[in-house]
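Undergrad:
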Amino acid sequence: MDGMLSQEEINALLNEPDGSDLGEQPLTDTEKDAIGEVANISMGTAATTLFSLVNRKVDISTPVVSFATWEDIVAAYERPCVFIRIGYTVGLDGSNVLVLKDRDVKVITDLMMGGDGTNTDGELGELHLSAICEAMNQMMGSAATSLSSMLNKMIDISPPEADVVDLTETVEAAEIDTFLTGQFVMISFRMEIGDLVDSQIMQLYPFSFAREMCSSITKNMEMDVNSTATEQTDVAASQPAAAPMPAQPMMGQPMPAQPVMGQPMMGQPMMGQPMPAQPVNVQPAQFQAFAPGSISPALQSENIDLIMDVPLEVTVELGRTSKSIQEILDFTPGTIIELNKIAGEPIDILVNGKYVAKGEVVVIEENFGVRITDIIK
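Numbered according to the numbering used here, the sequence shown spans residues 400 to 776.
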């Protein structure tokens with residue numbers, strides 16, 4: 400029959416407009432702008448921290464705030480990917496999820512281990528997850544510090560938790576957060592690490608957490624406005640009142656203590672006459688002359704004797720080398736380390752860390768010793 404609604408259309412009218420199972424209402428444009436500004440500052444700080452970890456230039460684009468569902472994440476990301484959960488323990492109540500690609504995690508882990516970022520073969524393991532958790536702990540820790548200054552209160556996070564998620568599975572099987580079953584806030588930005596990584600990173604917020612953050616920002620702004628108004632009131636109250644203007648004399652009568660036109664006051668020269676100069680006594684400074692060698696040798700010997708018993712640390716350096724963290728972790732009993740010294744080359748002798756002489760190794764009974772062959776001047 401024409402004009403009648405189908406059951407599907409009735410269900411669509413009864414459900415929330417956004418299709419969310421949680422009944423959350425989307426954020427306003429003002430709230431989206433606030434979240435975007437917070438994410439921009441926080442992720443900028445996090446990028447600086449990541450640069451210090453991987454020793455590569457890290458660029459992060461301006462974040463874009465939108466609403467998404469689990470189906471949007473599945474459609475946008477490769478499989479599998481890494482979900483990193485960061486919970487807020489102080490200052491804010493909630494958590495957010497960072498989504499990274501499988502290859503991006505491998506590149507970051509390789510760079511943190513001293514590699515060149517090209518060792519991306521094999522599957523993700525516990526080493527990769529531990530390394531990315533440590534990186535995110537430092538990155539989001541610095542972001543929390545920036546957030547603390549913005550909200551004017553202490554913000555702290557829990558240690559991040561990383562899981563490998565196959566996006567073909569349902570969100571319940573992923574066991575990340577229940578807010579992913581409905582609609583949520585998605586902050587997406589582009590991250591570049593040198594010429595190794597160029598991909599999109601996502602940060603997922605529940606609506607309740609996003610609103611709490613916006614509320615904190617609004618309260619902080621109101622406190623700043625009230626504080627500024629109070630300071631201005633205090634400054635105005637502390638300023639002394641203006642002195643009253645003296646009464647004007649009657650026409651034709653001079654003011655008290657003021658000379659009549661053309662007559663100087665007692666003790667003052669007339670206008671245009673120079674003040675008499677006062678004599679000033681100037682004498683050159685006298686200094687005692689010090690002749691060369693005026694300090695007796697006995698006194699000099701006395702002064703040096705005062706420090707003769709000060710102990711100094713003497714170090715003999717056979718040679719040096721540099722190793723990556725991965726090479727050091729591979730050390731076992733019997734590992735041979737090659738130094739930068741050639742066999743038979745004089746060794747360096749340092750006193751309190753300063754290079755003072757060269758020498759050669761000798762054996763004195765059962766102990767090693769050093770015979771000095773050259774003094775460095």
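By construction, the Cβ of each residue, glycine as well, lies at the ideal position given by its N, Cα and C atoms.
#1: Which residue comes first and which comes last in the beta strand (DSSP E) that contains A445?
#2: Excluding the 5 residues preceding and the 5 following M590 in the sequence, name in chain order all residues of the same chain whose CB lies nearer than 6 Å to its CB.
#3: Is the segment 536-549 close to the segment 441-451, with three or more CB pairs under 8 Å?
#4: Between P559 and the rest of its own chain, which residues show a CB-CB distance below 6 Å, the 5 nearest in sequence each way excluded?
#5: Kindly provide the ranges of any beta strand (DSSP E) runs that are 3 or more residues long and lie completely inside the segment 455-510, ordered along the chain.
#6: Counting only runs that start and end within the segment 535-586, where is the alpha helix (DSSP H) found for 4 or more residues in a row?
#7: Ignore the nearest five residues each way along the sequence and tell me which others in H527's own chain have a CB closer than 7 Å to its CB.
#8: Whole angstroms is fine: what's the gap from P605's alpha carbon to E611's?
#9: Identify which residue in I616, V762 and I554 has its Cα closest to the Cα of A433.
#10: Taking 7 Å as the cut-off, decide whether the C-beta atoms of G758 and V750 are in contact.
#11: Distance check for G435 and D428, CA to CA, integer angstroms please.
#12: Go ahead and pull the three-state DSSP assignment for S721.
#13: What three-state label does DSSP hand A618 in the structure shown?
#14: To which residues of the same chain is S587 closer than 8 Å at the C-beta, ignoring the five residues directly before and after it?
#15: Pick helix, strand or coil for A530, following the three-state DSSP scheme.
#16: Is N680 helix, strand or coil by DSSP?
#17: Rounding to the nearest angstrom, what Cα-Cα distance links P745 and E716 in this structure?
#18: Could you please give me the residues that DSSP links to G768 through a beta bridge?
#19: Under a three-way DSSP split, which group does A742 fall into?
#20: By Cβ distance below 8 Å, which residues in the same chain neighbour K776 in space, the five residues on each side in sequence not counted?
#21: Residues in the same chain with beta-carbon distance under 6 Å from E712, minus the five sequence neighbours each way, listed in chain order, please.
#22: Among D747, G490 and L499, which has the Cα closest to the Cα of V473?
#23: Could you give the residue range of the beta strand (DSSP E) that holds Q685?
#24: Quick check: the Cα distance between V679 and Q685, rounded to an integer number of angstroms?
#25: Just list the residues that DSSP pairs I736 with in beta bridges.
#26: List the DSSP bridge partners of L749.
#27: Buried or exposed: which applies to K431, given that a residue is buried once 16 or more other Cβ atoms fall within 10 Å of its Cβ?
#28: Among residues of its own chain, excluding the 5 on either side of L595, which ones have a beta-carbon nearer than 8 Å to its beta-carbon?
#29: From the DSSP output, in three-state form, read off D515 for me.
#30: Buried or exposed for N495, please, with buried defined as at least 16 other CB atoms from any protein chain shown within 10 angstroms of its CB.
#31: Comparing C-alpha positions only, which one of I727, P683 and T577 sits nearest to G493?
#32: Looking at M553: is its Cβ nearer than 7 Å to the Cβ of V489?
#33: Measure the alpha-carbon distance for M549 versus F608 and round it to whole angstroms.
#34: Helix, strand or coil: how does DSSP classify D704 here?
#35: Beta-carbon within less than 7 Å of S441's beta-carbon, same chain only, minus the 5 sequence neighbours each way: which residues are those?
#36: Whole-angstrom Cβ separation of A756 and I748, contact assumed at under 8 Å?
TA: Taking the structure as given:
#1: Within the sequence shown, numbered from 1, the residue matching residue 445 stands at position 46. Looking at the DSSP string, A445 is not in any beta strand (DSSP E); the run it does join, the alpha helix (DSSP H), is D428 to V453.
#2: Counting from 1 along the sequence shown, the entry for residue 590 is found at position 191. If we look at M590 and ignore the five residues flanking it on each side, its Cβ neighbours are I459 and I600.
#3: yes
#4: Within the sequence shown, the letter at position 160 stands for residue 559. Around P559: I483, I485, C532, M535 and N536.
#5: With a minimum length of 3 residues, the continuous beta strand (DSSP E) runs that stay inside the segment 455-510 are 457-459, 463-467, 480-489 and 493-500.
#6: Correct list: 570-573.
#7: Counting from 1 along the sequence shown, the entry for residue 527 is found at position 128. Cβ within range, chain order: V504, K505 and T508.
#8: In the sequence shown, the residue the question calls residue 605 occupies position 206. In the sequence shown, the residue the question calls residue 611 occupies position 212. Those two C-alpha atoms are separated by around 10 Å.
#9: By 1-based counting over the sequence shown, the position of residue 433 is 34. Measuring from the Cα of A433, the nearest candidate turns out to be I616.
#10: As a first step, residue 758 is located in the sequence shown; it is residue number 359 there, counting from the start. As a first step, residue 750 is located in the sequence shown; it is residue number 351 there, counting from the start. Result no, Cβ atoms of G758 and V750 do not sit closer than 7 Å.
#11: By 1-based counting over the sequence shown, the position of residue 428 is 29. By 1-based counting over the sequence shown, the position of residue 435 is 36. Whole-angstrom Cα-Cα distance: 10 Å.
#12: Looking up residue 721 in the sequence shown gives position 322. Coil, per DSSP.
#13: Translated into positions along the sequence shown, residue 618 becomes position 219. Contrary to the premise, residue 618 reads as Lys rather than Ala in this sequence. Note: K618 maps to helix in three-state DSSP.
#14: The residue labelled residue 587 in the question sits at position 188 within the sequence shown. So the list reads P462, V463, S465, Q599, I600, M601 and Q602, once near-sequence residues are dropped.
#15: On the sequence shown, residue 530 is found 131 positions in, with the first residue counted as 1. Assigned with DSSP and collapsed to three states, A530 falls in helix.
#16: Within the sequence shown, numbered from 1, the residue matching residue 680 stands at position 281. In the structure shown, N680 sits in coil (DSSP, three-state: anything other than H, G, I, E or B).
#17: Residue 745 sits at position 346 when you count from the first residue of the sequence shown. Residue 716 sits at position 317 when you count from the first residue of the sequence shown. Going by C-alpha positions, P745 is about 10 Å away from E716.
#18: Here residue 768 corresponds to residue number 369 of the sequence shown, with the count starting at 1. DSSP, once it has assigned bridges, lists V761 as partnering G768.
#19: Counting from 1 along the sequence shown, the entry for residue 742 is found at position 343. If DSSP states are grouped into helix, strand and coil, A742 belongs with coil.
#20: Looking up residue 776 in the sequence shown gives position 377. Hits under 8 Å: none found.
#21: One-based indexing of the sequence shown puts residue 712 at position 313. Cβ within range, chain order: N751.
#22: Here residue 473 corresponds to residue number 74 of the sequence shown, with the count starting at 1. Per the Cα distances, L499.
#23: If you number the sequence shown from 1, residue 685 lands on position 286. Here Q685 belongs to no beta strand (DSSP E), and DSSP marks it neither H nor E.
#24: Residue numbering aside, residue 679 sits at position 280 when the sequence shown is read from its first letter. Residue numbering aside, residue 685 sits at position 286 when the sequence shown is read from its first letter. The alpha-carbon atoms of V679 and Q685 are separated by roughly 19 Å.
#25: Within the sequence shown, residue 736 is the residue found at index 337, counting from 1. Note: I736 sits in no beta bridge, so no partner.
#26: For the purposes of this step, residue 749 is identified with residue 350 of the sequence shown, where counting begins at 1. BP columns for L749 point to T714 and Y754.
#27: Your numbering for residue 431 matches position 32 in the sequence shown. Buried, by the Cβ-count rule.
#28: Residue 595 sits at position 196 when you count from the first residue of the sequence shown. Correct list, in chain order: R455, V506, L510, G516 and T517.
#29: Here residue 515 is taken as the residue at index 116 of the sequence shown, counted from 1. DSSP, reduced to helix, strand and coil, places D515 outside both helices and strands of the structure shown, so it counts as coil.
#30: As a working mapping, residue 495 is identified with position 96 in the sequence shown. Counting Cβ neighbours within 10 Å, N495 comes out buried, since at least 16 surround it.
#31: The residue given as residue 493 occupies position 94 in the sequence shown. When only C-alpha atoms are compared, the closest one is T577.
#32: Counting from one through the sequence shown, the residue named residue 553 turns up at place 154. Counting from one through the sequence shown, the residue named residue 489 turns up at place 90. It is a contact, given that the beta carbons lie within the stated cut-off.
#33: For this step, residue 549 is matched to residue 150 along the sequence shown. For this step, residue 608 is matched to residue 209 along the sequence shown. Roughly 16 Å separates the two Cα atoms.
#34: As a position in the sequence shown, residue 704 is number 305, starting the count at 1. Helix at D704.
#35: For the purposes of this step, residue 441 is taken as residue 42 along the sequence shown, with counting starting at 1. Closer than 7 Å at the Cβ level, and outside the excluded window around S441, lie A542, S545 and L546.
#36: What you label residue 756 is simply residue 357 of the sequence shown in a count that begins at 1. What you label residue 748 is simply residue 349 of the sequence shown in a count that begins at 1. Yes, they are in contact, since the Cβ atoms of A756 and I748 sit about 4 Å apart, within 8 Å.
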